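This report refers to the structure that appears directly beneath it.
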Amino acid sequence: MYIGELSRKSGASRKAIYLYEQMGLIPKPTRKGSYRVYADVAIHQIQTIRCAQTLGFKLKELVEALASKNSTPRSSMALMLEQIELKRSALHSQIETAQAQLLLLNQLEHELLHSPELMNCELPVDSSPKGKL
Numbered sequence: 015m016y017i018g019e020l021s022r023k024s025g026a027s028r029k030a031i032y033l034y035e036q037m038g039l040i041p042k043p044t045r046k047g048s049y050r051v052y053a054d055v056a057i058h059q060i061q062t063i064r065c066a067q068t069l070g071f072k073l074k075e076l077v078e079a080l081a082s083k084n085s086t087p088r089s090s091m092a093l094m095l096e097q098i099e100l101k102r103s104a105l106h107s108q109i110e111t112a113q114a115q116l117l118l119l120n121q122l123e124h125e126l127l128h129s130p131e132l133m134n135c136e137l138p139v140d141s142s143p144k145g146k147l
């Protein structure tokens, strides 16, 4: 298929397709005259790349995992699975941090609602720029 069709079917721009090709993330197309002809498998490869980018993977990480000249499909998959686990761990950490912040917000809300005298206290005024909201 030509690049226009690949772009439509994969959802990637022509510029992105050229970039993926240059980086070695998709195989170089064959030539039919002056036209580039891409294999059908390129659609799936590009969709996988775009999905990985949506999940926070950088193209450089994908190149390292998928396109290393010395790698085998098995070693590429192992490296990609390792990267996925690192991303998953980072997300779990962010979730834990967010849950702790929610707990603190709930506690503060509870204290304010059940201790109205806290609302009447005078807070010191800080005239420095960093103290202003």
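Add 14 to the 1-based position in the sequence shown for this note's numbering, that's all there is to it. The beta carbon of each residue, even a glycine, is placed where N, CA and C say it ideally should be. As the structure is a computational prediction, the values presented were derived from the model and not from experiment.
| Check | Outcome |
| --- | --- |
| Opening and closing residue of the beta strand (DSSP E) in which Y16 lies | First-last for Y16: undefined, no H or E at that position. |
| Other residues of its chain near I57: CB distance less than 6 angstroms, five sequence neighbours each side excluded | K23 and S24 |
| Sheet register partners of K46 (DSSP bridge) | Y49 |
| Local Cβ density within 10 Å of I76, reported as buried at 16 or more and exposed below that | Strictly speaking, residue 76 in this sequence is Leu, with Ile absent from that position. With 16 or more other Cβ atoms within 10 Å, it is buried. |
| Inter-residue spacing [alpha-carbon to alpha-carbon] between L105 and K42 | 35 angstroms |
| Pick from I40, G47 and R50 that is closest to R64, judged by C-alpha positions | I40 |
| Distance, L93 Cα to E99 Cα | 10 angstroms |
| Nearest-angstrom beta carbon gap, Q97 and F71 [assumed within contact, 8 angstroms] | 7 angstroms |
| CA-to-CA distance, Q59 to E35, given in whole angstroms | 11 angstroms |
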